[in-house]
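Written out below as structure tokens is the structure these notes cover.
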Amino acid sequence: MSSAAIEHAYRYAFASGVRENAEGGRLQLATSGGPTQFPYFFQGQLKQPRLSALLLRTLSKVVASRFHIPAAMLRRILATRDPVVTSGGGLIRFEGFSGCCSTYARLDLNPEAYDGVVVDQGTTNVDFNAGMQATLAQIRDNERVGLAVGTDEVALLRGAEQVVERKVKLPVRWLKGFVEVQAYQSRMERRSQLGRVETLRFLRSLPRSVIAKTVYWVVPAGNGLRLSQRESAGALRVAGIERLRLLDDLAPLADGLTVFADPQGNASEWQLHFGPLKFHLTLSAEVWRGFSGEGQVLAELAAKERDRLLKLVQGMLKWQAEIRPDEFAANWDASTESLRQAFATLGSRGLVGYDLARGAYFHRELPFDLTLIADMHPRLKSAQKMVEGGGVRVLRRTEDLIEAEVPGTDVTHRVRLSEDGDRCTCPWHAKHQGARGPCKHILAVQILTELETTTD
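Per numbering that gives the first Met the number 0, the very first residue in the sequence shown carries number 0; after that it's consecutive.
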């Protein structure tokens, strides 16, 4: 596991917690970074306080979990990450990753889930300290519980010197995961839709102990689903099935479950529905294959900005909860595919996420310094060095085909870019066949041809 990390300071005006007042309790979430130093996004009442608290606790459980790598190696990492919250289009979304980066979670609060006022829009970190999580466990539905994301009293709190600051090293793999997961989600297809009874039956049937590296296949069973250890037509492959046990406490309360999967079987998403609340759990192909190591966005990072289109797309981002690329194709005289690539590029920069339930992107700007994101990808850095060294040579170029030679360690590799798929003669590509993103040689050819196109 790479130990690379980026210096980051979580600076909160106070510690998150449940504050008691004359009207009942109020869950006061401290914020750090984003549009301002201490953003203030929302003030209101939760309509389902116990369920909302349970969903937030489950999100924090995901963040504190790890499914790969010895615990001693993750002790520091587990203590440093806080979830991210986005306010936009009336929705409040909380996001987080497991310590091993193999499991992504998101909680969506639709406007029907609260009575209140959206004060501002943006993305920020939120303080999920242990004391606040313990208090969440005590919340009941008969209580009147408010929710505040940030506060309008920050100036007073700062004057009283109550600022809470934690300087941490954010693991690069954790940051990379945020930009990788949307690349998978945007390609996923719906596989199953279960009702309340079938959802509970399936989640309760999951094994409580699993032998390492055991692979299960999820197959239809009447109106529900069941597990099999044999591959069959239409079956969904799931390794690290124990990750789904994170949903144990939620299963009895869910209205239903929707399952999505990547067509290549490299990731899946499990959405639990609770009326105006949704909980998303996205799993990588293997517990040892965190989203941060997949390289799905490398082609987008390697591409230079197509100025007109990319500027148009970025200019229309106004914290929308739903953005569909095909809706802009006619107005901007652009193909749906070129718009998809533009959104993928913005996703690789942390500017949009993807909502499978709505089949749309949503605007959010991760509150981290992602200007060094290209440096997070060793393959991309190697590819750029190859191009700068002048070793990449294009042999043949047609409208729909490019063939080139790229120097390797001891041999020269042959790269072919075409509409049928990109190929390289290197061992890495032979092993993964594009399932973990392009190899450095393919990236080098993509970078060179992009530069030549821009120069022409």
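Backbone N, C-alpha and C fix where the C-beta goes; we use that ideal spot for every residue, glycine too.
Here the alpha carbon of D126 sits roughly 27 Å from the alpha carbon of L355. For A104, the closest C-alpha among the options E111, F93, R396, A112 is that of F93.
In the DSSP annotation of this structure, L246 is not part of any beta strand (DSSP E), being labelled neither H nor E. A direct Cα-to-Cα measurement between N222 and R189 gives close to 15 Å. Contact between V286 and F66 holds: CB atoms are separated by about 4 Å, below the 8 Å threshold. In the three-state scheme derived from DSSP, where H, G and I count as helix and E and B as strand, T281 is classed as strand. Note on A253: 16 or more other CB atoms within 10 angstroms of its CB, so buried under the neighbour-count rule. Between Y11 and the set S101, Y39, L224, G115, the nearest pair of CA atoms involves Y39.
In this structure, L256 is the residue among G346, R143, F361, L256 with its C-alpha nearest to the C-alpha of G274.
Separation of the CB atoms of L106 and A52 is rounded to 11 Å, and the pair is thereby denied contact status at 8 Å. Between the segment 405 to 417 and the segment 348 to 364, the count of Cβ pairs shorter than 8 Å is below three; the stretches do not touch. Between F201 and the set V214, R244, Q181, the nearest pair of CA atoms involves R244.
Runs of the beta strand (DSSP E) spanning 3 or more residues and lying entirely within the segment 116 to 145 occur at 121 to 125, in chain order.
Excluding its 5 nearest sequence neighbours in each direction, K60 has C-beta neighbours in its own chain below 7 Å: L245, listed in chain order.
Following the DSSP letters along the chain, one finds G346 inside the alpha helix (DSSP H) bounded by residues 335 to 347. By the Cβ neighbour-count rule, R363 is buried, with 16 or more other Cβ atoms within 10 Å of its own. Beta-carbon to beta-carbon, A182 and R25 are separated by about 38 Å, too far to satisfy the 8 Å threshold. Runs of the beta strand (DSSP E) spanning 3 or more residues and lying entirely within the segment 375 to 437 occur at 392 to 396, 400 to 406, 411 to 417, in chain order.
The Cβ atoms of V84 and T123 lie closer than 8 Å to each other.
Per the Cβ contact rule, the segment 192 to 206 is in contact with the segment 220 to 236 (3 or more Cβ pairs under 8 Å). By the CB criterion at 8 Å, D140 and P48 fall inside the cutoff. Fewer than three Cβ pairs drawn from the segment 374 to 394 and the segment 330 to 348 lie within less than 8 Å of each other, which leaves the two stretches out of contact. Selection D399, E241, A403 evaluated against G389 yields A403 as nearest (Cα-Cα). Relative to A133, the option among Q228, R56, R395 whose CA is nearest is R56. Straight through space, the alpha carbons of H428 and R435 are spaced by roughly 9 Å. Listed in chain order, the non-local C-beta contacts of R229 below 7 Å within the same chain comprise W216, local neighbours out to five positions each way being set aside.
Shown here for V393: same chain residues with a beta carbon closer than 6 Å to its own, the five before and five after excluded, namely A403 in chain order.
Following the DSSP letters along the chain, one finds L58 inside the alpha helix (DSSP H) bounded by residues 48 to 63. Taking C-beta atoms as the reference points, L365 and G346 fail to come closer than 8 Å.
In the DSSP annotation of this structure, F37 is not part of any alpha helix (DSSP H), being labelled neither H nor E. With distances taken between CA atoms, I401 lies nearest to T448 out of T448, G149, P437, K430.
Put simply, of S283, L282, V258, Q263 the residue whose alpha carbon is nearest the alpha carbon of L271 is V258.
The Cβ atoms of T281 and Q184 lie closer than 8 Å to each other. Residue environment for A211: exposed (fewer than 16 other C-beta atoms within 10 angstroms of its C-beta).
Between A232 and T198, the C-beta spacing is not below 8 Å.
Annotated three-state conformation of F177 is helix, per DSSP.
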